[in-house]
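Chains as they are written, first to last, in our numbering: chain C, 1 to 288; chain X, 289 to 462. Here the structure is laid out as structure tokens; the discussion comes afterwards.
If you want it as structure tokens, here you go:
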């Protein structure tokens with residue numbers, strides 16, 4: 001059997017959240033640079049330039065990219081040969097706490113949706129667990145901002161509404177969001193599954209690599225169609241007009257009930273901060 | 289070319305602002321977002337004194353990240369304004385003249401804005417690091433228990449904003 005030490009997890013989670021809040025992924029920066037060259041709207045172009053400038057200041061002057069350093073969202077892929085002799089969830093929350101305390105990040109979590117009392121350390125994180133073969137622990141994290149999350153939507157369509165129904169719902173969501181979700185966006189679309197599964201699919205979609213395409217032909221076609229249509233809406237950077245409304249559309253699908261066609265749209269703002277790290281399990285001496 | 293504005297901004301200057309115009313603000317502005325708005329409006333409704341005199345002032349919808357020991361402020365970009373729509377009319381009726389946030393506002397907000405000859409400005413969202421460079425003083429003045437939502441008085445130099453809804457109700461939002 002194998003394990004990953006508690007301290008290694010705590011420190012990794014801490015470093016990932018701090019790093020993501022200050023350093024935007026280079027591939028995403030390249031996307032902004034390409035978009036800035038192609039943007040024809042004057043204000044849109046100037047906003048894209050400022051987004052590029054902002055990430056340079058963040059990196060070089062140690063200031064978070066955005067004041068909304070988000071809710072800590074974590075996807076774990078746990079190798080089946082790994083065992084943990086400690087509370088994994090507690091270790092992760094310790095890592096999150098350290099990141100937000102030591103990294104000068106904003107604490108944006110309240111204890112109860114109605115009492116609105118701040119937990120003061122940005123915990124608890126939202127953690128999703130999956131199992132994979134092997135002895136590695138893959139950690140994917142994102143500090144997810146509230147503005148774009150608030151504009152995300154879910155709808156249970158009828159199967160007869162088909163692709164057109166999905167496209168209309170996605171476009172309607174982007175239009176309703178306008179500048180509020182801080183475009184240019186990464187649009188995560190979940191289709192299929194059921195009520196809770198489809199929301200998770202949409203979230204997993206925004207965790208995908210910025211330049212990848214779906215392996216499913218149906219989903220890939222939908223991604224291309226949606227990206228084109230979204231960028232024809234003239235919403236543009238920060239909703240002030242232009243060609244650059246979305247940088248990418250990611251569609252994740254799952255089988256569903258004969259009666260259902262669930263669709264969820266999770267929006268990611270332009271400050272699309274995320275990280276992934278793989279920890280390799282260490283062999284433990286088994287006395288059995 | 290951006291128009292330079294220095295606080296306090298008087299009535300005649302404010303009335304010349306036109307939707308779409310870019311401005312650079314220098315002087316004092318006050319931070320307040322969701323929770324602080326609720327407390328400000330509660331105080332007004334109870335006829336209590338607000339922690340600062342909102343008359344003719346500028347309120348900026350922001351909850352910054354904590355400053356490092358060598359910094360004035362952390363990241364400090366605007367938050368979405370629509371969540372303040374419920375509270376803003378009361379503040380405008382009591383003299384608040386300029387609000388800075390991001391995104392569109394409700395019709396009821398715009399109606400109150402015109403009645404009170406106020407102006408709504410937007411800053412660019414997600415530029416928290418860049419905008420922090422315009423802040424040269426940062427004093428926490430009220431509602432400490434709200435943590436990142438406490439009210440701060442900021443002194444800014446050339447803080448960039450765009451006139452989104454002018455005092456006549458003209459708007460840059462479609």
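Glycine included, every Cβ here is placed at the ideal spot set by N, Cα and C.
Just to confirm my understanding: we take residue i, look at its own chain, exclude 5 residues before and 5 after, and list those with CB closer than 7 angstroms. What are they?
{"i": "residue 121 (chain C)", "result": "97, 100, 101 and 107"}
{"i": "residue 290 (chain C)", "result": "Any answer about residue 290 (chain C) is impossible in this case: the structure gives chain C only from 1 up to 288."}
{"i": "residue 213 (chain C)", "result": "220 and 223"}
{"i": "residue 193 (chain C)", "result": "201, 254, 256 and 262"}
{"i": "residue 408 (chain X)", "result": "387, 393, 401, 452 and 453"}
{"i": "residue 39 (chain C)", "result": "45, 48, 242, 243 and 244"}
Along the chain, where does the beta strand (DSSP E) containing residue i start, and where does it finish?
{"i": "residue 310 (chain X)", "result": "310 to 319"}
{"i": "residue 389 (chain X)", "result": "386 to 389"}
{"i": "residue 75 (chain C)", "result": "71 to 79"}
{"i": "residue 110 (chain C)", "result": "Careful: residue 110 (chain C) lies outside any beta strand (DSSP E) and carries neither H nor E."}
{"i": "residue 153 (chain C)", "result": "153 to 157"}
{"i": "residue 293 (chain X)", "result": "291 to 294"}
Whole-angstrom Cβ separation of residue i and residue j, contact assumed at under 8 angstroms?
{"i": "residue 251 (chain C)", "j": "residue 144 (chain C)", "result": "19 angstroms between Cβ atoms; not a contact."}
{"i": "residue 277 (chain C)", "j": "residue 52 (chain C)", "result": "In fact, because the Cβ distance is near 26 angstroms, the residues do not count as touching under 8 angstroms."}
{"i": "residue 238 (chain C)", "j": "residue 412 (chain X)", "result": "6 angstroms"}
{"i": "residue 247 (chain C)", "j": "residue 14 (chain C)", "result": "Wrong, their Cβ atoms sit about 28 angstroms apart, outside the cutoff."}
{"i": "residue 245 (chain C)", "j": "residue 266 (chain C)", "result": "Wrong, their Cβ atoms sit about 16 angstroms apart, outside the cutoff."}
{"i": "residue 203 (chain C)", "j": "residue 188 (chain C)", "result": "6 angstroms"}
{"i": "residue 444 (chain X)", "j": "residue 317 (chain X)", "result": "6 angstroms"}
{"i": "residue 451 (chain X)", "j": "residue 311 (chain X)", "result": "6 angstroms"}
{"i": "residue 385 (chain X)", "j": "residue 54 (chain C)", "result": "Not a contact, Cβ separation roughly 29 angstroms."}
{"i": "residue 410 (chain X)", "j": "residue 307 (chain X)", "result": "Contact doesn't hold; Cβ gap of about 10 angstroms is too wide."}
{"i": "residue 241 (chain C)", "j": "residue 28 (chain C)", "result": "At roughly 22 angstroms, the Cβ-Cβ gap does not stay under 8 angstroms, so residue 241 (chain C) and residue 28 (chain C) are not in contact."}
{"i": "residue 127 (chain C)", "j": "residue 89 (chain C)", "result": "6 angstroms"}
{"i": "residue 67 (chain C)", "j": "residue 416 (chain X)", "result": "4 angstroms"}
Check the DSSP bridge columns for residue i and list the partner residues they point to.
{"i": "residue 244 (chain C)", "result": "Residue 244 (chain C) is not bridged to any residue."}
{"i": "residue 138 (chain C)", "result": "C:77 and C:278"}
{"i": "residue 128 (chain C)", "result": "C:75"}
{"i": "residue 143 (chain C)", "result": "C:72"}
{"i": "residue 253 (chain C)", "result": "C:191"}
{"i": "residue 48 (chain C)", "result": "According to DSSP, which records beta bridges pairwise, residue 48 (chain C) is partnered with nothing at all."}
{"i": "residue 82 (chain C)", "result": "C:2"}
{"i": "residue 459 (chain X)", "result": "X:453"}
{"i": "residue 283 (chain C)", "result": "C:2"}
{"i": "residue 118 (chain C)", "result": "C:110"}
Hey, quick one: how far does the alpha helix (DSSP H) through residue i stretch, first residue to last?
{"i": "residue 268 (chain C)", "result": "Note, residue 268 (chain C): premise wrong, no alpha helix (DSSP H); beta strand (DSSP E) at 261 to 268."}
{"i": "residue 101 (chain C)", "result": "88 to 102"}
{"i": "residue 471 (chain X)", "result": "Lying before the first or after the last residue shown, residue 471 (chain X) is absent from chain X, which here runs from 289 to 462."}
{"i": "residue 15 (chain C)", "result": "6 to 22"}
{"i": "residue 30 (chain C)", "result": "26 to 38"}
{"i": "residue 333 (chain X)", "result": "322 to 333"}
Got a sec? Which residues, its chain only, sit under 6 angstroms from residue i by beta carbon, not counting five neighbours each side?
{"i": "residue 331 (chain X)", "result": "338"}
{"i": "residue 430 (chain X)", "result": "339 and 439"}
{"i": "residue 293 (chain C)", "result": "Any question about residue 293 (chain C) goes unanswered here, given that chain C covers just 1 to 288."}
{"i": "residue 457 (chain X)", "result": "398 and 402"}
{"i": "residue 280 (chain C)", "result": "136"}
{"i": "residue 352 (chain X)", "result": "361, 362 and 364"}
{"i": "residue 406 (chain X)", "result": "380 and 385"}
{"i": "residue 157 (chain C)", "result": "165, 261 and 263"}
With a threshold of 8 angstroms on Cβ separation, who are the neighbours of residue i within its own chain once the five nearest residues in sequence on each side are excluded?
{"i": "residue 20 (chain C)", "result": "141, 142, 143, 273, 274 and 275"}
{"i": "residue 347 (chain X)", "result": "317, 318, 319, 320, 379, 384, 386, 387 and 388"}
Quick one: is the Cβ of residue i within less than 7 angstroms of any heavy atom of the ligand GTP?
{"i": "residue 102 (chain C)", "result": "Inclusion of the ligand GTP in the displayed structure is not the case, the ligand content being empty and no account of it being possible."}
List, in order along the chain, the chain D residues whose C-beta lies closer than 7 angstroms to that of residue i?
{"i": "residue 436 (chain X)", "result": "The structure shown has no chain D; the protein chains it does contain are C and X."}
(request) Just list the beta strand (DSSP E) runs in the segment 401 to 457 of chain X, keeping only unbroken ones of 3 residues or longer that don't cross its boundaries, in chain order. (result) 407 to 410, 423 to 430 and 439 to 453
(request) Can you check the segment 163 to 233 of chain C for any alpha helix (DSSP H) of at least 4 residues that lies completely inside it and give the ranges in chain order? (result) 195 to 206 and 217 to 230
(request) Write down every uninterrupted run of the alpha helix (DSSP H) in the segment 335 to 402 of chain X whose length is 4 residues or greater and which is fully enclosed by it, in chain order. (result) 376 to 381
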